[in-house]
Every structure is written in structure tokens, then in C-alpha cells.
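Okay, so here's the structure we're looking at.
In this note's numbering, the protein residues as written are 79 to 740.
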């Protein structure tokens with residue numbers, strides 16, 4: 079039995095249809111070496127199905143079986159024998175381990191939004207992207223928050239400060255509209271916005287009103303103090319109308335929108351709590367939970383003392399009194415209200431295309447509550463908008479939530495950001511430590527990916543693959559292999575000694591790895607920064623690294639031109655210390671990626687036959703990087719006996735596409 083030739087995964091080449099409905103007949107396929115006579119069975123906990131050899135192509139035979147699926151989800155694996163030995167094959171390959179996550183899964187009725195497969199996303203921290211309307215800006219001393227007066231930053235290019243939540247640069251939705259041509263030319267398909275609902279902070283992860291987009295991000299229809307600006311019905315109605323028009327313009331341009339849902343906790347300013355009493359005596363606002371025990375929202379929070387009100391009388395997330403935790407176990411009314419909010423923003427007149435759920439696994443106080451709520455949330459959101467995406471922030475194992483009935487996928491830390499960062503830079507994602515033993519360690523890279531990718535299940539091909547975001551240091555800063563934070567190292571140090579060669583390699587991997595490549599605003603322009611708040615610097619309009627932008631455009635265009643890079647199989651090809659190579663394939667579309675982290679050149683032998691490519695086939699350069707830049711010169715490389723040999727210069731990457739007859 080030629081074990082290296084045997085292959086199966088959860089892509090449309092190996093399961094047809096990939097996401098069946100209940101009662102639908104499904105064909106399951108397995109690849110094996112041509113002429114390697116095998117006995118193959120597909121096993122489930124309900125029985126076995128024999129596979130027959132149905133076709134041969136190139137170096138491979140293909141075995142298939144078909145049967146109708148029922149309504150219940152099930153797992154399967156293969157039992158493969160050749161007369162001399164018999165072995166089991168699952169998501170992890172030939173492994174004796176057979177826990178549920180290592181098995182292939184079918185969830186009848188699960189439908190992943192097709193638009194999200196391999197979609198090119200772009201995350202915007204709104205306050206720092208572009209100021210399109212200065213009239214709606216937060217004013218100096220407009221209100222007081224966390225012991226500090228709100229501050230309008232006069233100079234757009236000022237650095238963030240170590241404590242920065244009260245400082246506003248003025249970015250807004252009009253600024254995003256003004257830059258849509260730029261984003262379109264870049265190749266962006268989906269925008270993900272950090273929170274946009276009314277909030278007193280610049281990050282808005284402490285929501286004040288889930289029913290209204292903050293007028294400071296849209297328009298101020300009626301002037302006044304802070305209370306008037308964010309509570310007056312005229313302003314909120316105008317703000318939401320502006321947002322509805324904003325979404326329609328994105329859709330008109332063929333773009334989608336994901337918004338941030340912070341549903342585990344809100345802010346102490348929230349109209350449900352009203353600790354700061356800004357809604358007191360405002361028409362149309364009942365008393366908040368902090369004002370009165372008879373408040374309709376009192377059950378929305380968990381009050382722990384009879385002495386009331388008191389700053390510490392309610393539960394705060396991680397103990398923060400400005401972030402009261404929502405009491406899902408104790409309030410059916412809260413439960414219904416949040417489900418209503420989930421439906422509202424994906425429905426007309428807004429029609430948002432998905433939710434990103436902040437600290438989603440923290441919601442509630444027990445796994446039972448968490449799972450029950452997210453099942454209902456997903457059901458309600460999908461009823462309102464069948465194409466809406468439900469994507470969660472989660473740092474630990476996502477497997478329990480990704481079964482087809484809760485989250486669709488996650489922000490991909492475990493199977494993208496972290497292993498890629500360690501391999502290319504040796505840095506932890508906050509720039510808090512440097513591990514030289516992990517820099518260029520292909521063995522650890524592949525071991526981590528083999529372990530974590532199966533835990534994403536059907537969410538893998540839509541997972542949000544980021545190099546940077548608002549919570550971590552900028553990837554370009556990580557390339558300097560320096561430990562630091564804004565408060566200890568200073569802002570200027572974040573840009574010292576950066577390696578663009580490592581940034582090029584990272585983007586190549588981002589655009590060729592399974593999942594949805596997601597840029598964090600400004601990464602493409604060379605923005606540096608330590609971890610939060612320094613990673614939230616303003617976009618450097620007028621001071622962009624135009625060469626890096628051109629590189630991103632080329633890499634994105636390459637990604638979008640190959641179906642295999644959106645939804646194809648992943649083939650591990652090379653693991654040789656600082657050199658890795660992998661392939662992507664879907665049908666006849668085959669791509670090979672090689673990355674050399676070593677400082678010196680390396681002669682690399684790549685077994686392209688594992689991708690299903692012609693053993694004597696020709697591969698064309700799609701994108702090549704080096705320490706001095708990139709090129710797309712269509713150089714050709716010819717394989718021999720299924721092996722492609724290529725010399726890689728130090729600190730380089732290359733993407734090769736198999737040349738096929740027109």
C-alpha cells in the first residue's frame with residue numbers, strides 16, 4: 079500500500095455535494111496510487127459502505143461509494159487494506175487516533191455562505207481609517223469617560239498613547255465611502271468593521287445602545303451636548319438611515335459587510351444599565367437597571383449586593399465596572415432582546431452580511447447556556463438572512479462550537495496567525511516574547527497545523543486568516559524580532575529593523591492558505607505598531623508604502639484568479655527545517671507554494687505529484703518574493719518523475735501554477 083498517494087479531505091473533489099441536504103445522495107471519493115489494488119470501506123457508527131475503483135487518471139486511482147444521508151449529522155473514516163495490512167484513514171491521515179474531531183463530518187442541511195469561501199476581507203478600526211466628515215467628530219471635553227475627558231486628536235498622524243480609549247481621530251463611515259475606490263482596486267470583497275454602535279470609547283467594545291449606529295460615525299442631524307448627540311431620536315434615526323445607505327453602496331459595488339457584535343457584556347453607559355444617568359429624563363427611555371430595581375432591565379444584569387446601587391454591586395466582565403456582564407441565565411427578556419438585535423441588523427433596511435462575535439465563548443456562565451444561546455442566535459440570524467455569516471472570536475479550541483448549528487467559523491489564531499508568526503518571525507503575536515527555536519521550524523509549523531486545522535471542521539475554508547488585528551502587534555513590527563510594547567519601548571521602535579522579506583512571505587502564505595485572507599487596515603501600506611493600543615494607529619494617507627500596496631494587489635489578484643486557493647485541498651509537500659512547501663488543488667487547478675525562511679539559498683525538491691499534477695508537468699511563476707521585492711515574470715519550471723527542483727534564494731517565497739493546455 080502506497081500510503082503517500084492516499085488522499086481524501088472535505089472539499090468538493092472528495093465529497094459531492096460537499097454540504098448535502100437531508101435525504102440527498104452523496105458520493106464519497108478516495109484517491110490511491112494507480113494499480114495499487116485496495117479494498118476500501120467507508121465506516122460510520124451506523125455501518126460500513128464498500129468503495130469501488132471507478133476511474134484512473136495520471137498516477138492515481140479513484141474509489142467511490144454513494145448513499146443517501148439522513149437528517150442527523152454523522153462522522154466517517156476509511157478502512158483501507160491491500161491483503162497484507164489494513165489501516166484506518168481520517169482527517170489526520172493514517173492515525174490510530176479516532177476521536178470525533180479527527181473524523182470526517184457530514185452535517186445534513188449545513189450551508190456555508192458561498193460568498194465567504196476564500197473571500198478577501200479587510201478589517202477597519204473605524205476611528206483610525208479616514209475622517210470623511212469633521213462635523214460629526216467627538217469634541218474636546220464633550221463628555222468624561224474612565225476618569226478622562228474625551229479628546230479630539232488634532233493631528234491625524236499623531237501616535238496613540240499607552241492609555242488611549244478617550245482619544246478620537248475622527249474616522250467615520252463617510253471616510254470609508256471616500257476610500258471605496260481604493261479598496262476596490264486593492265481587491266477587497268468583504269469589509270469587517272470593529273464595533274460601530276453608540277459607545278463612549280474609541281474602540282466601542284463597551285456598547286451604549288445596540289439599536290443605533292453611533293452618530294459620531296455617521297452624521298449629526300441635531301446638535302447639542304453628548305447626551306443629545308447620542309440619545310436624541312432624530313440623531314439616531316438619521317444615523318441608522320445613513321448606515322443603511324452605506325451598506326447599500328457596498329452591495330452596489332459587490333462588497334459585503336460584517337459587523338462586530340459585543341454581546342457578552344455592554345458598557346456602564348448602556349441605556350439598559352445607565353450608571354452614568356445620561357438617559358435620565360430622556361423621553362422614551364425607561365429607567366436603567368442601575369437607577370431602579372423596578373427597571374425593565376434589572377434582570378439583564380447580575381446584582382450581587384442588597385446595598386444598591388453601588389459601583390461593585392453588579393458583575394463586570396473580568397471585574398471591570400465599565401463592562402457589566404449580561405445575565406443570560408437570569409433573564410429571558412435579555413435573551414429575547416439580544417436575539418432581536420441579531421435579527422435586526424442582518425434584515426432590511428440594513429442587510430448586513432454577517433456578525434463577528436466578540437469573546438463569544440465567554441457568553442453566559444456555563445457551556446450549556448453558551449451553546450443553547452448560539453444555536454438560537456444562528457437560527458434567528460439565518461431565518462432573517464439565509465446568507466449571513468456567523469463568525470466568532472475565540473482563542474481556544476473552536477471544535478465544540480463548529481458543528482454546523484452554532485458558529486460558522488472563527489478568527490483563525492490556532493491554524494493560521496500563531497503558527498505562521500512563529501515560523502516566519504519567532505515572535506509571539508503581542509511581541510511579548512521571541513522564540514529562536516520556533517523561527518524557521520518547519521516541523522513545529524506542520525505539527526501545529528495538523529493538530530489545529532481539523533478542529534475547524536467545515537469552518538476551515540471560511541476561517542478569518544489574519545496576520546494582524548486590533549488586539550495584537552502589527553505583523554510588520556513582529557518581523558523585527560524585538561520584544562516590546564508602546565509603554566516600554568516607545569512608538570518609534572516598532573518600525574526599527576523590520577524585514578519586508580518576512581512580510582512578503584507572510585502575505586504569500588495568507589493568500590494561499592485555506593481560509594479567507596483578511597487584511598488589517600494599513601498592513602498593506604507598511605503600518606507598524608506594538609500591541610493594542612499601538613496597533614490602532616491611523617492609516618498613513620499620503621505616506622503609504624506604495625510598493626507594498628502594489629505587492630498586496632498582485633497577491634490578492636493571484637488569490638482570486640485560482641479557485642483552488644479559495645476552496646481547494648491542501649497538500650503538505652516539504653518539511654525541511656526552514657523550508658516548507660505545500661500545494662492547493664481543485665479539479666485541474668493546481669498551485670504549489672514554497673517558502674524559505676533561511677538566510678541562505680536552498681535547493682528544494684518538491685513532490686508535485688502529490689497534488690495530482692502531471693509528473694513531467696510545467697509550472698509557471700505566479701508570484702515570487704525575495705529580500706529586494708517581488709516579481710511575476712512568467713518563468714517556467716519543469717518537473718521530472720513527479721519532482722520539481724528549484725533553487726530558492728534566502729528569505730524568499732514563490733507561488734507556482736501548473737501550466738495546462740487551453
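By construction, the Cβ of each residue, glycine as well, lies at the ideal position given by its N, Cα and C atoms. None of the values given here were measured: they were computed from a predicted structure.
Environment of residue 282 [buried if 16+ CB atoms lie within 10 Å]: Within the chain shown, numbered from 1, the residue matching residue 282 stands at position 204. Buried.
Burial state of residue 479 (16 or more Cβ within 10 Å): The residue you call residue 479 lines up with position 401 of the chain shown. Its Cβ being crowded by 16 or more others within 10 Å, residue 479 is buried.
Proximity below 8 angstroms, CB of residue 325 to CB of residue 267: Mapped onto the chain shown, residue 325 falls at position 247. Mapped onto the chain shown, residue 267 falls at position 189. No, they are not a contact pair.
C-beta contact flag for residue 224 and residue 243 at 8 angstroms: Locating residue 224 in the chain shown gives position 146, where the first residue counts as 1. Locating residue 243 in the chain shown gives position 165, where the first residue counts as 1. Yes.
Per DSSP, the bridge partner or partners of residue 146: As a first step, residue 146 must be located in the chain shown, where it is residue number 68. Residue 146 pairs with 103.
Enclosing beta strand (DSSP E) for residue 544 [first to last residue]: The count along the chain shown starts at 1 and reaches residue 544 at position 466. Note, residue 544: beta strand (DSSP E), 542-544.
Segment limits, alpha helix (DSSP H) that includes residue 633: Within the chain shown, the letter at position 555 stands for residue 633. Residues 624-638.
Closest Cα partner of residue 426 within the set 321, 487 and 467: On the chain shown, position 348 is the one that residue 426 refers to. Of the listed residues, the one whose Cα sits closest to residue 426 is 321.
Proximal residues to residue 253 (C-beta, below 7 angstroms), its chain only, five neighbours per side dropped: Within the chain shown, numbered from 1, the residue matching residue 253 stands at position 175. Counting only Cβ-Cβ distances below 7 angstroms, and skipping sequence neighbours, we find 207, 208, 209 and 210.
Short Cβ contact (8 angstroms threshold) for residue 150 with residue 105: The count along the chain shown starts at 1 and reaches residue 150 at position 72. The count along the chain shown starts at 1 and reaches residue 105 at position 27. Cβ atoms of residue 150 and residue 105: not closer than 8 angstroms.
Residues near residue 118 by beta carbon distance below 7 angstroms, same chain, minus five either side: The residue given as residue 118 occupies position 40 in the chain shown. Excluding positions up to five away in sequence, the list reads 108, 129, 141, 156 and 158.
Cβ neighbours of residue 453 in the same chain (closer than 8 angstroms, five flanking residues each side left out): Position 375 of the chain shown, counting from 1, holds the residue named residue 453. Closer than 8 angstroms at Cβ, skipping near neighbours: 483 and 484.
Residue from 660, 586 and 651 whose Cα sits closest to the Cα of residue 630: Numbered from 1 along the chain shown, position 552 holds the residue referred to as residue 630. Nearest option by C-alpha distance: 586.
Status (buried if at least 16 other CB within 10 Å, exposed otherwise) for residue 35: Given a span of 79 to 740 for the chain in the structure shown, any question on residue 35 remains unanswerable.
Beta carbon of residue 442 nearer than 8 angstroms to that of residue 455: Residue mapping note: residue 442 aligns to position 364 of the chain shown, counting from 1. Residue mapping note: residue 455 aligns to position 377 of the chain shown, counting from 1. No, they are not a contact pair.
8 angstroms Cβ shell around residue 258 - same chain, five flanking residues per side excluded: Numbered from 1 along the chain shown, position 180 holds the residue referred to as residue 258. 327, 328, 331 and 333, listed in sequence order.
Beta carbon proximity, residue 314 to chain C, threshold 8 angstroms: Reference to chain C is not applicable here, since this structure consists of a single protein chain.
Span of the alpha helix (DSSP H), counted from its first residue to its last, around residue 418: In the chain shown, residue 418 corresponds to position 340, counting from 1. Element bounds for residue 418: 410-424.
Length at least 3, wholly inside the region 635-683: the beta strand (DSSP E) runs in chain order: 647-654, 657-664 and 667-674
Residue 729 to residue 581 span [Cα, whole Å]: On the chain shown, position 651 is the one that residue 729 refers to. On the chain shown, position 503 is the one that residue 581 refers to. Roughly 10 angstroms between the two C-alpha positions.
Per DSSP, the bridge partner or partners of residue 404: Residue numbering aside, residue 404 sits at position 326 when the chain shown is read from its first letter. Its beta-bridge partners are 379.
One or two residues paired with residue 512 in a DSSP bridge: The residue labelled residue 512 in the question sits at position 434 within the chain shown. Beta-bridge pairing links residue 512 to 505.
Endpoints, the beta strand (DSSP E) within which residue 199 is located: Stepping through the chain shown from its first residue, residue 199 is reached at position 121. Unbroken beta strand (DSSP E) run through residue 199: 199-202.
C-alpha gap between residue 316 and residue 707, whole angstroms: Taking the first residue of the chain shown as position 1, residue 316 is located at position 238. Taking the first residue of the chain shown as position 1, residue 707 is located at position 629. Spanning the two alpha carbons is a distance of roughly 47 angstroms.
Proximity below 8 angstroms, CB of residue 643 to CB of residue 669: Translated into positions along the chain shown, residue 643 becomes position 565. Translated into positions along the chain shown, residue 669 becomes position 591. Yes; because the gap between Cβ atoms is below 8 angstroms, this pair is in contact.
Beta-carbon spacing of residue 671, residue 724 below 8 angstroms: The residue given as residue 671 occupies position 593 in the chain shown. The residue given as residue 724 occupies position 646 in the chain shown. Taking 8 angstroms as the Cβ cut-off, residue 671 and residue 724 do not qualify as a contacting pair.
Assumed close pair residue 664, residue 89 - CB separation to whole angstroms, cut-off 8 angstroms: As a first step, residue 664 is located in the chain shown; it is residue number 586 there, counting from the start. As a first step, residue 89 is located in the chain shown; it is residue number 11 there, counting from the start. So it is a contact: roughly 7 angstroms between Cβ atoms.
The region 465-477 / the region 398-415 touching (three or more Cβ pairs under 8 angstroms): no
The alpha helix (DSSP H) enclosing residue 456, as first and last residue numbers: The count along the chain shown starts at 1 and reaches residue 456 at position 378. Per DSSP, residue 456 belongs to the alpha helix (DSSP H) from 445-462.
DSSP-derived helix/strand/coil call for residue 361: As a first step, residue 361 must be located in the chain shown, where it is residue number 283. DSSP places residue 361 in coil when its eight states are reduced to three.
Complete runs of the beta strand (DSSP E) confined to the region 574-621 [at least 3 residues]: 594-598
Stretch-stretch touch, CB-based, cutoff 8 angstroms, three pairs: the region 121-136 with the region 217-236: no
Best match in 271, 240 and 697 for proximity to residue 251 [C-alpha to C-alpha]: Translated into positions along the chain shown, residue 251 becomes position 173. Answer by Cα proximity: 271.
Local Cβ density within 10 Å of residue 318, reported as buried at 16 or more and exposed below that: Taking the chain shown and counting its residues from 1, the one referred to as residue 318 is at position 240. Its Cβ being crowded by 16 or more others within 10 Å, residue 318 is buried.
Residue 354 classed as buried or exposed, judged by whether at least 16 other C-beta atoms fall within 10 angstroms: If you number the chain shown from 1, residue 354 lands on position 276. Buried: at least 16 other Cβ atoms inside 10 Å.
Bridge partners - residue 229, DSSP secondary structure assignment: Residue mapping note: residue 229 aligns to position 151 of the chain shown, counting from 1. BP columns for residue 229 point to 245.
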